[in-house]
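Here is the structure we will look at.
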């Protein structure tokens with residue numbers, strides 16, 4: 097159901113269900129979360145949940161994945177959209193680390209995409225869109241710094257941005273396994289040192 101055809105009250109209820117599901121997954125993990133938990137958390141009933149998500153659990157989880165994907169990028173702003181100076185890159189690096197430090201070992205997006213992505217093309221599309229946008233933003237920053245002479249002109253912006261995103265995701269995967277942001281920090285610090293040449 098598209099939020100654009102909902103009343104304001106309906107859209108708020110739908111969003112409350114999505115937020116409640118995301119909070120439950122963040123706190124307890126996807127395997128432990130039931131529709132009853134989500135209803136209790138969001139203050140809704142199952143009839144409301146199925147009204148807004150007629151596809152049930154999978155449709156709701158996909159909506160949560162979209163919300164979490166949007167949050168990944170939103171939490172990095174305004175820095176991600178302004179990577180035109182070294183202080184801006186450092187601020188972005190700090191924002192990324194802080195986001196994942198706050199999140200800890202529970203990554204709703206990572207869990208949702210892993211759970212849904214194996215079976216659902218739409219979940220794979222959510223992941224692909226997130227990573228493509230993230231890479232485009234980092235690539236734009238690299239290109240801007242090349243134009244100002246701060247980054248070597250012979251560096252491939254697209255491949256370098258892809259490598260930075262891959263390094264971040266590797267650090268996040270280790271964080272989810274160990275609870276430590278050390279590898280994520282090392283990945284970002286090494287990436288920035290590489291960009292500086």
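In the numbering used here, the protein residues as written are 97 to 293. Backbone N, C-alpha and C fix where the C-beta goes; we use that ideal spot for every residue, glycine too.
Nearest neighbour of residue i, chosen from the options [CA to CA]
i, options, result
"residue 245", "177, 188, 112, 181", "181"
"residue 126", "102, 161, 151", "161"
"residue 192", "235, 285, 149", "285"
"residue 235", "259, 219, 158, 221", "259"
"residue 250", "168, 282, 293", "293"
"residue 220", "105, 133, 157", "157"
"residue 167", "266, 243, 118, 282", "118"
"residue 225", "273, 190, 163, 183", "163"
Sequence-distant residues of its chain with Cβ nearer than 7 Å to residue i (five each side left out)
i, result
"residue 200", "275"
"residue 99", "With a pLDDT of only 45 at residue 99, under the threshold of 50, the placement of this residue in the model should not be trusted, and no figure is reported."
"residue 135", "141, 142, 145"
"residue 256", "238"
"residue 287", "260, 263"
"residue 133", "120"
"residue 188", "172, 175, 176, 179"
"residue 218", "158"
Three-state class that DSSP yields for residue i in the structure shown
i, result
"residue 200", "coil"
"residue 183", "helix"
"residue 106", "helix"
"residue 171", "coil"
"residue 146", "helix"
"residue 160", "helix"
"residue 177", "helix"
"residue 99", "Below a pLDDT of 50, predicted positions are generally treated as unreliable, and residue 99, at 45, falls in that range; the measurement from the model is reported next regardless. Helix, per DSSP."
"residue 129", "coil"
"residue 116", "helix"
"residue 140", "coil"
Supposed contact pair residue j and residue i - C-beta distance, whole angstroms, cut 8 Å
i, j, result
"residue 277", "residue 195", "Residue 277 to residue 195, Cβ: 10 Å. No contact."
"residue 76", "residue 154", "For the chain, the structure presents residues 97 to 293; residue 76 sits outside this window and is missing."
"residue 165", "residue 149", "That pair is no contact at about 17 Å."
"residue 271", "residue 230", "The Cβ separation is near 17 Å, so there is no contact."
"residue 266", "residue 283", "6 Å"
Cβ shell of residue i (< 6 Å), same chain only, five flanking positions each side left out
i, result
"residue 129", "120, 121"
"residue 237", "179"
"residue 138", "112, 113, 116"
"residue 333", "Residue 333 lies beyond the residue range present for the chain, which begins at 97 and ends at 293; the question has no answer from this structure."
Other residues of its chain near residue i: CB distance less than 8 Å, five sequence neighbours each side excluded
i, result
"residue 291", "185, 238, 241, 247, 251, 256"
Residue i Cβ short of 8 Å to the ligand SAH heavy atom set
i, result
"residue 176", "In terms of ligand content, the structure shown is empty, and the ligand SAH therefore cannot be addressed."
ask   = Which full runs of the alpha helix (DSSP H) of 4+ residues lie inside the region 205-280, going along the chain?
value = 217-243, 253-274
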